[in-house]
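Worksheet: the structure to be examined is printed underneath.
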Amino acid sequence: MSRRATVGRRWWDRPALPYLMLAVSPVLTLPISSIILGSIPDCGDDEPWWELRHFEIALVPALADLLPFLWLVSGTPGVRGAAIVAGLMGSARYAIPQAATLIYSTSSGGQASNSQCTISSPFVAAVLAPAMLTLWLVSALIVAVILLRARRSPVDRPD
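Position 136 of the sequence shown, counting from 1, maps to 430 under our numbering, and the rest follow consecutively.
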C-alpha cells in the first residue's frame, strides 16, 4: 500500500494495528498477572500452591489477547481480515494456558493437606510460563512475517 493510499485513513483503521495489539499485549498483561499472583492466597506447606479458582484470577489479564477482535467493526475489509487472523491467534494464546491449567489441576490431586490446592509453583515455572512465552514468540514471529509481507507487497489495493 502506498503512502498516498494511507493519508486519508484514520490512525485506528490500519491493518497492522490488530497485529501490533497482539504483539504488545504481554507487556501489559504480564506485570498485572504477576501482581495478582503475588496477592492471591497461597495454600502450600513448603512451596507456593494455589487453588484453581484463585489462580484463574491471575490469568484474567490475558483476555487482552482478544482485543484484536475489536477491529472487526472497521469498515475496511483489510482491517477486518487482520482482526480475524490476529484475534484467532490471540484466542489460542488465551485458551491454551487456560486448558493446560485446568488439565493440570484436575490431574494433580492437590496437596495432601489441602485437596483444593491443585496448582503448584513448579507447574507454573516449568510448564505454564514457558508455554506462554513460546505462544507469544510464535505469534510474534507470525505477526512479523505478515507485516513484512504486507510492507513488501507492491500492489496498491483499495481496502
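Cβ atoms here follow ideal geometry from the backbone N, Cα and C, with glycine treated the same way.
Is the Cβ-Cβ distance between residue i and residue j less than 8 Å?
i      : j      : result
Ala444 : Pro312 : no
Leu346 : Tyr388 : no
Asp339 : Gln410 : no
Arg374 : Leu366 : yes
Pro320 : Trp430 : yes
Thr395 : Leu422 : yes
Can you say whether residue i is buried or exposed, counting buried as having 16 or more other CB atoms within 10 angstroms of its CB?
i      : result
Arg298 : Note that Arg298 scores a pLDDT of 46, beneath 50, so its modelled location is shaky; the value from the coordinates is reported in the next line. By the neighbour-count rule (16 or more Cβ atoms within 10 Å), Arg298 is not buried but exposed.
Ser296 : Note that Ser296 scores 45 on pLDDT, short of 50, meaning its location in the model is unreliable; the coordinates nonetheless yield the value given after this. With fewer than 16 Cβ atoms within 10 Å of its Cβ, Ser296 is classed as exposed.
Ile413 : buried
Val439 : exposed
Pro355 : buried
Ala459 : Residue 459 lies beyond the residue range present for the chain, which begins at 295 and ends at 453; the question has no answer from this structure.
Pro416 : exposed
Val459 : As displayed, the chain neither begins before 295 nor continues past 453, which places residue 459 out of reach and without an answer.
Trp344 : buried
Counting only beta-carbon separations shorter than 8 Å, does residue i have a partner in chain B?
i      : result
Gly384 : In summary, chain B is missing from the structure at hand, where a single protein chain is found.
Leaving aside the five residues before and after residue i along the sequence, list all residues of the same chain whose C-beta is less than 7 Å from its C-beta, in chain order.
i      : result
Pro362 : Pro312, Met315, Leu316, Ala377, Ala380, Gly381 and Gly384
Ala352 : Ser327, Ile330, Leu331 and Ile334
Val437 : Tyr313, Leu316 and Ala317
Leu441 : Ala310 and Tyr313
Assuming residue i and residue j make a contact with CB atoms under 8 Å, what is their CB distance in whole Å?
i      : j      : result
Ile390 : Ala420 : That belief does not hold up - the Cβ atoms of Ile390 and Ala420 are roughly 16 Å apart, past 8 Å.
Identify, in the order they occur along the chain, each residue of the same chain with its Cβ nearer than 6 Å to the Cβ of residue i, setting aside the five sequence neighbours on each side.
i      : result
Asp453 : Residue confidence for Asp453 is low, a pLDDT of 48 falling below 50, so the modelled location carries little weight and cannot support an answer.
Phe349 : Ile413
Ser402 : Thr412
Pro342 : Asp336 and Ser415
Asn408 : Cys337
Ala434 : Ala317
Here's a check: name, in chain order, each residue in its chain whose Cβ is nearer than 8 Å to the Cβ of residue i, leaving out the five neighbours to either side.
i      : result
Thr323 : Pro355, Ala356, Ala358 and Asp359
Within the present structure, is the beta-carbon of residue i separated from the nearest heavy atom of the ligand PLP by less than 7 Å?
i      : result
Gln392 : In terms of ligand content, the structure shown is empty, and the ligand PLP therefore cannot be addressed.
**Continuous alpha helix (DSSP H) assignments of at least 4 residues falling wholly in the region 365-452** = 371-402 and 423-446
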